[in-house]
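What follows is a short report on a single structure.
In the numbering used here, the protein residues as written are 497 to 1139.
Written as C-alpha cells, this is what we have:
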C-alpha cells in the first residue's frame, strides 16, 4: 500500500512540474531536469540585469545634462511656463533619484547641488574682452546755445579739451563793445547761421571747433546767453557729456578720471574710441546694424531737441538712450556727490533781498520769466545776476553768492520730468531754499519733505510769494526747510544721488554687457542651468543678485515655505554681509552721511528695470507678488540698492 502511495506521489510530482506547485519530495531525476532548465535561463537573466543597469546609468548620466533636467523639472525655461497653483503640491519623487538625491536630502543639499550645476560657461570674459563703444566720447556733446545770440560775446575764458584750446564767451556788460578779434569770431559763427536750422540741430552730438570758437547747436542757455565766465562753466562744462575726463572724481557733470572709465574701477571692461579692425558693441551714432547698438546721449531737454524724447529716439532707431530722464536706459543726471558739496554748512543770510536769480536765456519755452515778474509784483525782492532782468553785477561766483540768500530761484528753461539741472543742486549746496519752475516731479529730487517750493503753474505765484514771506519772517519754520542739512537727507534722496557714484560711461558698459549675457543665456546652444530643487513639499529656488552699479551676480537661495519679501531681503543682506561687502557709494558720499558698516536695503527690483521704476514706481507690494514673480521667472535676477 505504501508502495502504491509512493507511486501516486511520484506521478503527482511529474504532473506538478508541468503546471502545479510542488507538494512532496522531488525525485533525483526531476532535480536534474530543474538544474538544466536554470542553466538555460541564467544567460537570459544576466542579459536582462546588464540591460537594466545600462539604462539606469544612462538616466543618471542624462541627469547631469541640464537640457534633460530642463525637461524633468517642470520646464523651467519653457516659454509656456505655468506655475503650480499651490506650492505645496508634491513633485514627482523619481526626480530626486534622477538628480542623484534621495528623500533624506535636505534643503542645504539642494543649494549645494544647484550651485554645483550652475556651470554656464559664457563665451566672453568682459575683463579680457572689454565692451567696445565706437566714437570719440569728446564728441558726445549735447549742451546747446541759441545761435541767434552769438553777437553778444565778450568775456573770454579757456577750457582745455584733449589738447584743444576752446574759447568760450559770455555777453558784454552794458555799454561795452566787442573787440576786433571777437568780431572776427562772430563773423565766422554767424556764417553758420545761413545753414538750415535742421542741419544745425543735426550736429547736436558734435563739438565743432571753428576758428577758435565753439559752435554748439540751438537750444539751451550755454554759450552766448550766459552772464559770466563762472556761469558759463556751470552751463557748459565739457565734462558734462564727456564720458571720460582726466583730473577729477567720478561725476557726469564734472571732470572725470579716465582710468575710472576705462580702467579696473568699472565693474566691466569698458573702452571708447575708434578701431576699424574691431566690431564695436555700441556706437554714438545711428547705425543700421543688428549687432552694434546705437546710442544717443544728451543732457538737454527734449522740448528743445525732440530726438531726446525716449519714444522718438526709439522710433529713430536708437537702442540705447542716455538722457536726464530716469526712464532712459542709462540716465545721465546733473547730480553727484563728487560734483556738489551738498552737505556744506550753512552760511549767514546777509543779503537784504529774499531771493537770487541767475537766468540768461530770456526766451525759454516755459513761464519762468513771467514767474519772476509775478514774484516781484508780489513784493518779493529779487537780486538778478543773469542776462534777464539783471539788477546786480553778474561777475560773481554763483554758489558763494547764493549762500547768503534765503531763497534761490532755480528756474529751468523747460518743464520736463527729471530735467533738473545744476540750478537746483547748486541751491542745495548753498543752503538757499530752492523755488523751482521746472520738472513737474521736482519733489522726487527733494532732500527731505518741505525742503523745496514748487511753482507748478503761473497761477501758483501769489501763494508761493506768501509762503516765502512767511518762512522769511518765521525762523523756526524756515530752519525746518533746511533741517536736512543737519540731520542728513532722506533715504530717497541718497538712493537717487548714489546712482552717480558710477559714471554714466561705466553704467553704459554694464548695460551693454548685461544685454549680451541675457541674449547668450537665451540662445539654444547654451547649457541651461537648473533653477530649483524640490524635496517633498519644499522647493529651493536659485536666484541671483547684484548691487546697482555692479555687473557680476551672486547666488542666493529662497525656500517655498518662506517665500516672502522679508525673507528675500534677509537672504540678500546675509549674502552681502558674508562677502564683507562695501556699498559702491561709500567713498563718494560726504563723510557725515556715509553711516556705519551696517547694510540697509532700500530697494530690491528685477534687473532690467529703469531707475524711475526702481526708485519710485515699482515695488513688490505683497508676499504673493514676489512668489508669483519667482515662480514665473526661473533663475530670477535682481538688483539691490543699499542706503
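All C-beta atoms, glycine included, are put in the ideal place defined by N, C-alpha and C.
For residue 976, same chain residues with a beta-carbon under 7 Å away, outside a window of 5 residues either side, are 946 in chain order. Inter-residue distance for residue 814 and residue 820 is about 16 Å (C-alpha atoms, whole angstroms). For residue 1007, the enclosing alpha helix (DSSP H) covers residues 1000-1018. Residue 859 and residue 869 have their C-alpha atoms some 14 Å from each other. For residue 1123 and residue 1056, the gap between their C-alpha atoms comes out near 8 Å. Nearest C-alpha to residue 866 among 834, 895, 892, 908: 908. Leaving aside the five residues that flank residue 864 on each side, the residues in its chain whose CB is nearer than 6 Å to its CB run, in chain order, 907, 933.
A contact is defined here as three or more CB-CB pairs under 8 Å, and the segment 1090-1098 fails this definition with respect to the segment 958-970. Here residue 817 is not near residue 627, since their CB atoms are 8 Å or more apart. For residue 974, the enclosing alpha helix (DSSP H) has its first and last residue at 971-977. Where residue 993 is concerned, the enclosing alpha helix (DSSP H) starts and stops at 987-994. Rounded to whole angstroms, the separation of the alpha carbons of residue 888 and residue 1070 is 57 Å. Take the alpha-carbon of residue 1006 and the one of residue 620: they are about 14 Å apart.
By the neighbour-count criterion, in which 16 or more other beta carbons inside 10 Å mark a residue as buried, residue 1001 falls on the buried side.
Distances from the CA of residue 1068 to each of 1009, 1127, 837, 1101 were compared; the closest alpha carbon is that of 1101. A contact is defined here as three or more CB-CB pairs under 8 Å, and the segment 909-918 meets this definition with respect to the segment 822-841. In this structure, residue 920 sits away from residue 881, with a CB-CB distance that is not shorter than 8 Å. Counting C-beta atoms within 10 angstroms of its own C-beta, residue 1023 has fewer than 16 neighbours from the protein chains shown and is therefore classed as exposed. In this structure, DSSP gives residue 788 a state outside helix and strand, which the three-state scheme calls coil. Under DSSP, residue 930 shares a beta bridge with 904. Residue 1099 sits away from residue 826, with the two beta carbons spaced by 8 Å or more. Taken through DSSP and simplified to helix, strand or coil, residue 1081 comes out as coil.
Residue 963 sits in a helix when the DSSP states are folded into three classes. The closest CA to that of residue 900, considering only 843, 950, 949, 876, is found on 843.
Per the Cβ contact rule, the segment 1017-1032 is not in contact with the segment 769-784 (fewer than 3 Cβ pairs under 8 Å). Taking residue 1010 as reference, the option from 1034, 897, 789 with the minimal CA-CA separation is 789. A straight line joining the alpha-carbon of residue 1053 with that of residue 1030 spans about 13 Å.
Secondary structure at residue 1030: strand, using DSSP grouped into helix, strand and coil.
Restricting attention to 991, 1066, 1081, the CA atom closest to the CA of residue 1107 is found in 991. Its Cα nearest to that of residue 1040, the residue 1131 stands out among 851, 1131, 1073.
Here the C-alpha atom of residue 770 lies approximately 57 Å from the C-alpha atom of residue 875.
At the C-beta level, residue 902 and residue 929 come within 8 Å of one another. Residue 872 and residue 850 have their C-alpha atoms roughly 11 Å apart. Burial is judged here by how many other beta carbons sit within 10 angstroms of a residue's own beta carbon; residue 959 has fewer than 16 and is exposed. Scanning its chain for C-beta atoms nearer than 7 Å, with the 5 sequence neighbours on each side dropped, one finds around residue 948 the residues 930, 932, 938, 939, 942, in chain order. Of all alpha-carbon atoms in 1038, 1105, 861, 1062, the one lying nearest the alpha-carbon of residue 612 is that of 1038.
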